[in-house]
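Below is one structure, written out as C-alpha cells, with a few remarks after it.
Residue numbers (UniProt numbering): 1 to 283.
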C-alpha cells in the first residue's frame, strides 16, 4: 500500500489526538524519521514513504501516543536559539527559563569578564547559553546528578565552551567557593507536592521528579540554596532564580527577612504576565 506524506501526517495527527499539539508532534516526528526539515516535509507532501520509513515513524508515534514528550523522543530541544541534547535525566527546557538569560543580558555588558555559577544546571542550558553570549565570562555548573551532568557535558562540548565552563557534582549547599561569583543563576525544583500530584502524565511519568518537586510548598530547595548563594556572591553580585507563578511573595519575604545582605529584591514577570524570576543584588 502506497502512503504519501500528507496522508501519513493526517493518520499520525489522528493517533495523537489525545496529547498536546498533535499536528506539531506529528510533523516533528515525521521530519525526524525521514531525516528532513519540517519545511521539506511540507514541500514534499506527495512523496510516497517506503515501508521502512513508515515503520520508523510509527515507532516514534507509538512513544508519543503513550505520553512521552517529543523532546525526549528526538533527544534535543531548542533554548534561546541554540539546540541542546536532552534525556529523561534532565528537565525539558521551557521558554519561561529564557527570562533568566534576558535578565543577565540586561545586567552585564557583553565584553565584561565575570564569574558565574549555575546551581542545579540539569542539561546545562543556562550555563552554556550565558557562556556563549558572554565570551569573557567563566563559570561553574553544579548538579547533584551524575546522569544530568553527563548530558550537560555533551552540551558544553557541542557549544564549545569547555574552556570556560566547569561542571561540578554537588548539591545546593556545597561546591563553589564562597565570595567568588559576580552572578548566580538557578532554575531549582519549585513544584509543590500537591501540584506534582495533579500534573499531567507527560510530566509525572517522564521528567525527573527530583528536578521538579520541592516539598509541601515547593520551596525546600530554595530555602536550602539561599545561604550558599549569599556566601558565594561578591559584593554587588546578582542572583536570578526561576520560581513558580504563585511563589514571588513567599520567596521575596524569605530573602528580605533572613538575608539582610541582599538589596534590590524583586520579581520579573514572564510573557504571560506571571511572576517568574526573582532577582536580588548583594550589598
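Beta carbons are placed, not taken as given, at the ideal position from N, Cα and C, and that holds for glycine.
query, result
"Return the first residue and the last residue of the alpha helix (DSSP H) that residue 121 is part of.", "Taken as a continuous stretch (DSSP letters only), residue 121 belongs to no alpha helix (DSSP H), as it is neither H nor E."
"In chain order, what are the residue ranges of uninterrupted alpha helix (DSSP H) at least 4 long that sit wholly in the region 42-80?", "51-65 and 70-74"
"Per the contact definition of three or more C-beta pairs closer than 8 Å, is the region 77-92 in contact with the region 105-118?", "no"
"Have a look at 152, 267 and 60 and flag the residue whose alpha-carbon is nearest the alpha-carbon of residue 27.", "60"
"Quick one: complete beta strand (DSSP E) runs, 3+ long, within the region 151-212?", "165-169 and 181-186"
"Nearest to residue 211 by alpha carbon, out of 167, 159, 260 and 119?", "119"
"List the endpoints of the continuous alpha helix (DSSP H) containing residue 16.", "Per DSSP, residue 16 belongs to no alpha helix (DSSP H) and is neither H nor E."
"Quick one: what does DSSP say residue 139 is sitting in, helix, strand or coil?", "strand"
"Skipping 5 residues on each side, what residues in its chain have a beta carbon closer than 8 Å to that of residue 274?", "245"
"Touching or not, the region 254-264 and the region 218-228, by the rule of three or more beta carbon pairs under 8 Å?", "yes"
"What first and last residue would you give for the beta strand (DSSP E) that runs through residue 269?", "262-269"
"What separation, rounded to the nearest whole angstrom, lies between the Cα atoms of residue 80 and residue 129?", "7 Å"
"Alpha carbon to alpha carbon, what distance is there between residue 126 and residue 276?", "15 Å"
"Check whether the Cβ atoms of residue 70 and residue 2 lie closer than 8 Å to each other.", "no"
"Using only the alpha-carbon positions, how far apart do residue 39 and residue 194 sit?", "41 Å"
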